[in-house]
Amino acid sequence: MKTCFNCNTTEKEIPLLDLHYQEGKLFICPRCLPQLIHKPTNLVGTLPGAEKIQPADEV
Ligand SMILES: [Zn+2]
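If you count the sequence shown from 1, you need to add 4 to reach this note's numbering.
Here it is as structure tokens:
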């Protein structure tokens, strides 16, 4: 069962999006996606290297 890497919601409950990251594959749900876009540092702890990702609106 695929789950959102951040909140562990399953693909049964919500559509998940595929991410390709560091040569691997992750899944994220639409509720967590805005954090990845705007506040990637919120994902520190669940996403390795999140502290190095620039928020999209600051680029
Ligand atoms: Zn999620």
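The beta carbon of each residue, even a glycine, is placed where N, CA and C say it ideally should be. A quick note: this is a predicted structure, and the numbers were derived from the prediction, not measured.
When the five nearest sequence neighbours on each side are left out, the beta carbons in the same chain lying within less than 8 Å of the beta carbon of H42 are those of P59, A60, D61, in order along the chain. Looking at the DSSP output, K29 bridges to H24.
Secondary structure at T50: coil, using DSSP grouped into helix, strand and coil.
Across the set K29, E27, P34, the C-alpha of P34 shows the shortest separation from the C-alpha of I18.
For T45, the secondary structure class from DSSP, reduced to helix, strand or coil, is helix.
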